[in-house]
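Chemist:
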Amino acid sequence: MPIIVTQDIPILSVCISLPLSALIILLLMRLSNYFNKLVYVKFIALLSSLLTLLCTIYLLLQFDNTAHTYQFVELYSIFKLIGLNYHVGIDGISIFFIALTALLTLLSIVISIFTVQKKLEDNLLCFLLIESLVIGAFSSMNLLLFFMFFEASLFPIFLLIGIWGSSNRIYASLKFFLYSFVGSVFFLVAIIYIHTYTGTLEIAELYDLMPRFDISVQMVLWLSIFVAFAIKIPMLPLHSWLPDAHVEAQTGGSVMLAGILLKLGGFGLLRICLPMLPAASQKFSSIAMIFSVAAIIYFSIIAFQQIDIKKQLLILQLLIWGMLLLVFSA
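Sequential numbering from 1291 applies to the sequence shown in the numbering used here.
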């Protein structure tokens, strides 16, 4: 897919930096003793999330559906030695994920304002940080930049579960961390290998370079990257962390976890695994189909046994992802 670099306003950077700027302002307010005035905290968090949502609506309105290119592209070199560039842009897939992120963040902040009794200020900071990092991940066009946003977004979710969760929150948050850490290690090793042998981590360039790898190398890289995304979706049998995390998390945290972060895994499959390693994707398609069918059957059975509404909604999402993976595998 060709890339164009034509925009007057760095609107994607605005979307990424708005929640982060609000977070910094709130931290400065804490240092200056204004943080105790909760009404200011609520106002700034709501204003930031609302402005970010308006920016994403602007993106939707200005997006050209007929152009087969990345749009609103920004490129700045950060650290050439390791292939890290601040390279962001959106296509027809990422734009809707970004808009969904902004909408659900605003919803989660409103929910938390009315439901969270303990450390509401810190709770809102976590939501602002998640929004900034997830929008960054969905718009990243550099593989290392994507990895950094992708993994960093898990830390505030870990805090939301561990601090504001229910009685079993410590166990759920640690389980979430351990699963995520394992996936991160596999993903990072794959990134290091890719940069060593291609000299670039620009996603658009890797679409052309990585299909030239030997099929055995492609398969190893595919598995390494796939594990990271399969844990995040999550897929059977790597799903056991999610029921605990989803049930233990506060309502706003559950919205962010199920509504946004799980979709990062599916987005990673679409953006990285399938187009970068097409031969390996073809090789593993039969196995992926088997796991997808098994997941659909398993979660369908489990759904009939659940009476907890949060678990039922969670299982519904897992069923949907199982069906989507079946479609991708076919």
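From the three backbone atoms N, C-alpha and C, an ideal C-beta is built for every residue, glycine too.
Return the CA-CA distance between Leu1468 and Thr1356, expressed in angstroms with no decimal places.
Modeler: Approximately 43 Å between the Cα atoms of the pair.
Chemist: Taking the alpha-carbon of Thr1541 as reference, which of Ile1401, Leu1340, Gly1612, Ser1307 has the nearest alpha-carbon?
Modeler: If we check each option's Cα against that of Thr1541, Ile1401 comes out closest.
Chemist: Could you tell me which of Ala1548, Phe1471, Ser1384, Leu1414 sits nearest to Tyr1330, measuring between CA atoms?
Modeler: Residue Leu1414 is the option with its Cα nearest to Tyr1330.
Chemist: Under 7 Å, do Leu1499 and Thr1488 count as touching if we go by C-beta distance?
Modeler: Yes. Within cutoff.
Chemist: Quick one: Cα of Lys1465 to Cα of Asp1354, how far?
Modeler: Taking the straight line joining both Cα atoms gives about 42 Å.
Chemist: Where does Gln1572 land, buried or exposed, given buried means 16+ other C-beta within 10 angstroms?
Modeler: Per the 10 Å Cβ criterion, exposed.
Chemist: Residue ranges of each alpha helix (DSSP H) run of no fewer than 4 residues wholly in the segment 1502 to 1553, ordered along the chain?
Modeler: Here the runs fully enclosed are 1505 to 1522, 1531 to 1538, 1541 to 1546.
Chemist: Can you find the residues in the same chain that come closer than 6 Å, C-beta to C-beta, to Ile1299, ignoring five residues on each side of it along the sequence?
Modeler: Result list for Ile1299: empty, nothing under 6 Å.
Chemist: Using C-beta distances below 8 Å, list every residue in its chain close to Gly1549, excluding the 5 sequence neighbours before and after it, in chain order.
Modeler: Closer than 8 Å at Cβ, skipping near neighbours: Leu1390, Leu1394.
Chemist: If you draw a straight line from the alpha carbon of Leu1344 to that of Leu1419, how long is it in whole angstroms?
Modeler: About 18 Å.
Chemist: With a threshold of 6 Å on Cβ separation, who are the neighbours of Pro1292 within its own chain once the five nearest residues in sequence on each side are excluded?
Modeler: Low local confidence applies: a pLDDT of 44 at Pro1292 is under 50, so the model's placement there is unreliable, and no value is given.
Chemist: Any chance you could list the alpha helix (DSSP H) runs of at least 4 consecutive residues sitting entirely within the segment 1396 to 1431, in chain order?
Modeler: Fully enclosed alpha helix (DSSP H) runs of 4 or longer: 1410 to 1429.
Chemist: Go ahead and pull the three-state DSSP assignment for Phe1574.
Modeler: Three-state result, Phe1574: coil.
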